[in-house]
Each structure stands twice: as C-alpha cells, then as structure tokens.
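I have placed the structure first, in the form of structure tokens, so that the comments after it can refer back to it.
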Amino acid sequence: MDIQKNLTPLSAERIKNADKSGFSQGNIIVLDETESTNSIAKALAAEGASHGTVVTAESQTMGRGRLGRRFESPKGAGLYMSVIVRPSFDIAFAPLITSAAAVSAAESVEKLCGEYTAVKWVNDLYMNSRKICGILTEAAINSKGSLDYAVIGIGINVGRTEFPSELRDIASSIEAETGNIIDRNILCGEILGRLEYYLENIEEKRHISEYRRREMLTGNHITANTGGREVEGYAIGINENANLLLKLSDGSEMVLASGEANLCRIRRKMDE
-13 MDIQKNLTPL SAERIKNADK SGFSQGNIIV LDETESTNSI AKALAAEGAS HGTVVTAESQ
47 TMGRGRLGRR FESPKGAGLY MSVIVRPSFD IAFAPLITSA AAVSAAESVE KLCGEYTAVK
107 WVNDLYMNSR KICGILTEAA INSKGSLDYA VIGIGINVGR TEFPSELRDI ASSIEAETGN
167 IIDRNILCGE ILGRLEYYLE NIEEKRHISE YRRREMLTGN HITANTGGRE VEGYAIGINE
227 NANLLLKLSD GSEMVLASGE ANLCRIRRKM DE
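If you're matching positions, the sequence shown starts at -13 in my numbering and goes up one per residue.
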C-alpha cells in the first residue's frame, strides 16, 4: 500500500518542531520501512543511544504487539514510533511506564481529532469501542538490578486502511472514526511532550487520575488471563500502581498487575 496522499509524510524535522518539550533533543530517526521500530530502538539502546531517541517508520513488516501478536502496520497509514527512555527513577516505578504512555497517547489523539479516546487496561486505546492503538514497552535491567533502559513502542492507526478479516470488527483508525485527517508529525510531537511530563513525574503518579478516567473496563464484567490462569469477575477500578482491581463471584478481590482482560460478550451484574 502506498503512502496515502492525504497524510503528510513523516519527517524528522517536522517531528522535532512539533516536540515543544525538546524531549527527543532532535534524535529522531525516520525510516521508510523496517521490521519493527521497537527492535531498531532496542538495538540502538544497547549501543548507548541517548534518552529520548525516537525511531519512526512509514511501515513495519513485522510490527509486534503484546503476547507475541502481530501489529498491522500498513505503509503511510499509521504512526509507528518507539522511544528510548533511560529512567532516573527507581525500578519500582517501571511498571507505570506503559500506563503513562497510554495517557500521553490518548490525550494527544483527543487533542488533535476532538474525539474522546479511552484506554483499555493495560495498553490499548479505543475510540467508539474500536481499537485504534497498541502500546508495547520492553525493558533491560543492568548488572546492578536497576533499569538500564526501556523502549516504548506506540502504534496508532491514523488513516483509513483495510484490516485482515479477523480484525475488521475490532480495529479502526482515527480517520475512519472521526473523518479527521491529522498530521502524524504533530501527533508524534504531542505524544513526546506529554510523555516527558508524565515520566518526569512518575514517582508522584500524576497520570493515574487521567488513566482511571479513561479506563474502559471498570464497571464491567470481564474475563482476564494472568499467569496462564483465566479468571472472570467485575472490574471495580484501577489502583495507584495502574493495576486492575477485580471482584470475583465469591466476593473476594484480585489485583491484576499484568495480563490481558476483555469485556464479556454478555454483561452480567454481580453482587455489590
């Protein structure tokens, strides 16, 4: 698929100009095609690339989502970006990176297109009940047990595109949902600015209130897979560590720190 004529091509200079925070410090790499921006960013980080380095691509041939899933990345239709982060905060706060990235992306998308953007725990963005974005964070620990670096991969469906049959009822794009065509360079810059703010304040957990406001599973009956175990219950909220709180049918509560959760097809109200 050729770059869509109605989408402005990615440009390192345009992204730099849109990044008002200077988070990237101009260390922006724009590729025409790559297997995975996360893979490129991880290799660069291992070689010493600086904090804030950004890798973007017009297309990915092997874009990756969580749990080894493929992330569809057609040429010119989305923003596929990976950011190298070298945290100054304690490793205990590392699990909050993905939720901070989710809020950064959701706020940026909503600002540019004007449509409410929800977060589905832990790492997906939804618009009108359809997925428009996935986030994958990968990290490396140094010999001292501290976080050496993290690579935050964000893939956003911006322009209209044809999805594989198995995704057509699930996935969508900003343009398809709103009719708006947004500049991916500006979107990237907006995300970088918010990401810098939330990461700098991660110990104060300043993004959590916004994460809670946008999180779409709370208040619904869900199924979840965590640690190879499938559970079913009622999502009752998000705690200070961006974990999902689940009330089980026996009345007990469970804290999900990782895994995957989805709305049940038939919502059942559980006892308070």
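Backbone N, C-alpha and C fix where the C-beta goes; we use that ideal spot for every residue, glycine too.
Straight-line Cα distance separating residue j from residue i
i: Leu133; j: Ile83; result: 12 Å
i: Thr103; j: Asp169; result: 17 Å
i: Val71; j: Arg199; result: 26 Å
i: Ala35; j: Ala125; result: 14 Å
i: Leu234; j: Asn227; result: 20 Å
i: Ala32; j: Ser22; result: 16 Å
i: Ile252; j: Ala210; result: With a pLDDT of 40 at Ile252, under the threshold of 50, the modelled position of this residue cannot be trusted, and the question is left open.
i: Asn128; j: Leu30; result: 16 Å
i: Asp76; j: Ala87; result: 17 Å
i: Ser238; j: His193; result: 28 Å
i: Leu232; j: Ala157; result: 26 Å
i: Pro262; j: Asp18; result: In the structure as shown, the chain starts at -13 and stops at 258, and residue 262 therefore has no counterpart that could be examined.
i: Ser151; j: Pro60; result: 15 Å
i: Leu203; j: Val108; result: 10 Å
i: Cys99; j: Gly219; result: 34 Å
i: Ile224; j: Leu230; result: 5 Å
i: Ala80; j: Ile167; result: 34 Å
i: Met(-13); j: Gln11; result: Confidence in Met(-13) is poor, its pLDDT being 43 and thus under 50, which makes the residue's placement too unreliable to answer from.
i: Lys136; j: Tyr66; result: The amino acid at residue 136 is misidentified as Lys; the sequence shows Ala. Approximately 17 Å between the Cα atoms of the pair.
Reduced DSSP secondary structure (H/G/I, E/B, other) of residue i
i: Ile83; result: helix
i: Ile168; result: coil
i: Ala35; result: coil
i: Ala243; result: coil
i: Ala221; result: strand
i: Leu(-7); result: coil
i: Val108; result: coil
i: Asp(-12); result: Interpretation of Asp(-12) is limited by its pLDDT of 47, a score under 50 that renders its predicted location unreliable; the figure taken from the coordinates is listed afterwards. In this structure, Asp(-12) counts as coil in the three-state DSSP scheme.
i: Glu258; result: Reliability fails at Glu258, whose pLDDT of 41 lies under 50, so the model's placement of it is uncertain and the value that follows must be treated cautiously. The answer is coil: DSSP assigns Glu258 none of H, G, I, E or B.
i: Asn248; result: strand
i: Ser238; result: coil
i: Ala228; result: coil
i: Arg146; result: coil
Terminal residues of the beta strand (DSSP E) in which residue i lies
i: Ile14; result: Ile14 to Leu17
i: Tyr135; result: Leu133 to Asn143
i: Glu124; result: Arg116 to Ile127
i: Tyr66; result: Gly64 to Val71
i: Ile208; result: His207 to Thr212
i: Thr103; result: From DSSP, Thr103 is part of no beta strand (DSSP E); its letter is neither H nor E.
i: Ala43; result: Val40 to Ala43
Outcome for residue i when other beta-carbon atoms lying within 10 angstroms are tallied against a minimum of 16
i: Ala78; result: exposed
i: Val241; result: exposed
i: Ile14; result: buried
i: Lys130; result: exposed
i: Ile140; result: buried
i: Gly62; result: buried
i: Asn114; result: exposed
Residue i CB to nearest heavy atom of the ligand FMN below 7 Å
i: Glu246; result: The model on display carries no ligand, and the ligand FMN is accordingly not part of it.
Where the alpha helix (DSSP H) through residue i begins and ends
i: Lys2; result: Ala(-2) to Ala4
i: Ser195; result: Ile194 to Arg200
If contact is defined by three or more beta carbon pairs under 8 Å, each pair taking one atom from either stretch, is the region 174 to 183 in contact with the region 7 to 24? yes
Evaluate the contact criterion for the region 202 to 216 versus the region 242 to 251: three or more CB pairs, one atom per stretch, below 8 Å. yes
Three or more beta-carbon pairs under 8 Å between the region 154 to 170 and the region 113 to 125, yes or no? yes
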